[in-house]
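All remarks here apply to the structure that follows.
What follows is the structure in structure tokens.
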């Protein structure tokens, strides 16, 4: 019952945001010329198709390569008006069901993969615990987090389940999707990188690049930060290892002067109604969420 009222309250808030006129102003004065990156995780086919129908009407969908080339070549000539890039984090099993929509609507999204979880029966650590414990475990060092997961939840990062418990994309699914999806790196085990030691952080970034190359026999040069958390150390490692971009969870839009290692995004709830999608794609809900949770006004966690 509590969750129902929270959902209703959020829908009312989204409606108020739309009636304020702010999303329209943002769309025509910011999103018209700058690239909007939206972030999903695990939407259903039904919800995502509704979103795609709306997005195709209001935006011109581009690929990550289009944005990357434009930033590095310092020209916006090949970027259409109202450009939008669709991304997914983690590599959830149900993402495979979306392939028919990618084909139907001629969209090529980027899916950032946790490279030691996909193509295995391993679990995402954040899916075996409740939200309260999950948020706490994001705030402590990786060593402490792994210790608590083992002692309190009887879980280690290399634990495997049965086939029917699979949470991530399989090797065959990834290979079937490669023609319709740009796969990139999201670390190996969804580590909270700023909470890692220097060695742990470097290995998560470096070896995830290697894992993808081994899996698909091609080079991979793009990264997204697990949980959107990063520090200058991670950006230094990414540059050193030859990555071209990294996507954050900082709220905002992207243009020629955007740091390619600090690409901004708009967070989309996987189950969002069209009303909620419109509010979230305006960035307003993201700014409000970060202000509520972190006390910031810049669309960042710090």
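Numbering (the working numbering), first residue to last: 142 to 443. Backbone N, C-alpha and C fix where the C-beta goes; we use that ideal spot for every residue, glycine too. As the structure is a computational prediction, the values presented were derived from the model and not from experiment.
message = Using only the alpha-carbon positions, how far apart do residue 299 and residue 287 sit?
response = Each residue's Cα considered, the two are about 11 Å apart.
request  = Express the C-alpha separation of residue 428 and residue 258 in angstroms, rounding to a whole number.
outcome  = The straight-line gap from Cα to Cα measures roughly 31 Å.
query = In terms of residue numbering, what span does the beta strand (DSSP E) encompassing residue 323 cover?
reply = Unbroken beta strand (DSSP E) run through residue 323: 323-326.
key: beta strand (DSSP E) segments (min. 3 residues) lying fully within the region 375-408   = Counting only runs of 3 or more, we get 386-392 and 404-408.
ask   = Is there a Cβ from chain C that is less than 7 Å from the Cβ of residue 429?
value = Looking at the structure shown, chain C is missing, and only one protein chain is on hand.
inquiry  = Can you confirm whether the region 425-441 touches the region 198-215 when touching is taken to mean that 3 or more C-beta pairs between the two stretches lie within less than 8 Å?
reply    = Taking 8 Å as the limit for Cβ pairs, the verdict is that the region 425-441 does not touch the region 198-215.
ask   = Looking only at DSSP bridge pairs, what is residue 363 linked to?
value = Residue 363 pairs with 386.
key: residue 175 vs residue 394 beta-carbon contact at 7 Å   = Cβ atoms of residue 175 and residue 394: closer than 7 Å.
message = Using 7 Å as the threshold, is the C-beta distance between residue 279 and residue 333 below it?
response = The answer is yes: Cβ separation under 7 Å.
key: Simplified DSSP state of residue 342, which is helix, strand or coil   = If DSSP states are grouped into helix, strand and coil, residue 342 belongs with the helices.
query = Closer than 6 Å: is that where the CB of residue 218 sits relative to any heavy atom of the ligand MN?
reply = Here there are no bound small molecules, and the ligand MN is not part of this structure.
inquiry  = So the candidates are 413, 370, 188 and 180; which of them puts its Cα closest to the Cα of residue 151?
reply    = It is 413.
message = Suppose contacts are defined by Cβ-Cβ distances below 7 Å. Is residue 230 in contact with residue 192 by that definition?
response = The beta carbons of residue 230 and residue 192 sit no closer together than 7 Å.
task = Report all residues from its chain with a CB closer than 7 Å to the CB of residue 432; omit the five preceding and five following residues, and keep chain order.
result = These residues qualify, in order along the chain: 438.
query = Is it true that the region 201-220 meets the region 394-409, where meeting means three or more beta-carbon pairs spaced less than 8 Å apart?
reply = Judged by pairs of C-beta atoms under 8 Å, the region 201-220 touches the region 394-409, as three or more such pairs exist.
query = To the nearest angstrom, how far is it from the Cα of residue 316 to the Cα of residue 357?
reply = Using only the alpha carbons, I get a separation of about 7 Å.
request  = Whole angstroms is fine: what's the gap from residue 291's alpha carbon to residue 232's?
outcome  = Looking at the two C-alpha atoms, the distance is approximately 24 Å.
ask   = Between the C-alpha atoms of residue 283 and residue 289, what's the straight-line distance to the nearest angstrom?
value = Take the alpha-carbon of residue 283 and the one of residue 289: they are about 10 Å apart.
ask   = Taking buried to mean at least 16 other C-beta atoms within 10 Å of its own C-beta, is residue 322 buried or exposed?
value = Its Cβ being crowded by 16 or more others within 10 Å, residue 322 is buried.
task = For the alpha helix (DSSP H) holding residue 226, just list the boundary residues, first then last.
result = No alpha helix (DSSP H) holds residue 226; the beta strand (DSSP E) holding it covers 224-231.
message = My output table needs one value for residue 452: the three-state DSSP class, helix, strand or coil.
response = This structure cannot settle anything about residue 452, because the visible part of the chain is limited to 142 through 443.
key: Bridge partners - residue 253, DSSP secondary structure assignment   = DSSP output for residue 253 lists 230 and 325 as bridge partner(s).
task = Please go through the same chain and pick out, in chain order, the residues whose beta-carbon is closer than 6 Å to the beta-carbon of residue 435, but skip the five residues on each side of it.
result = Cβ neighbours of residue 435 beyond the five flanking positions: 442.
ask   = Using DSSP with H/G/I as helix, E/B as strand and the rest coil, what is residue 181?
value = Under the three-state reduction of DSSP, residue 181 is assigned to strand.
query = On the three-state DSSP scale, how would you describe residue 439?
reply = DSSP places residue 439 in the coil class of the three-state scheme, outside both helix and strand.
request  = Kindly identify the DSSP beta-bridge partner or partners of residue 176.
outcome  = Looking at the DSSP output, residue 176 bridges to 395.
task = Mind checking who residue 412 pairs with in its DSSP beta bridge?
result = DSSP output for residue 412 lists no bridge partner at all.
inquiry  = Contact defined as beta carbons within less than 8 Å: I believe residue 423 pairs with residue 167. What is the distance between those atoms, to the nearest angstrom?
reply    = At roughly 5 Å, the Cβ-Cβ gap stays under 8 Å, so residue 423 and residue 167 are in contact.
key: As assigned by DSSP and simplified to three states, the class of residue 278   = In the structure shown, the three-state DSSP call for residue 278 is helix.
message = Using 8 Å for Cβ pairs, my map puts residue 337 next to residue 345. What's the rounded Cβ distance?
response = Between residue 345 and residue 337 the Cβ distance is about 7 Å, and since that is below 8 Å, they are a contact.
Assumed close pair residue 362, residue 384 - CB separation to whole angstroms, cut-off 8 Å = The pair is a contact, with the Cβ atoms about 5 Å apart (cut-off 8 Å).
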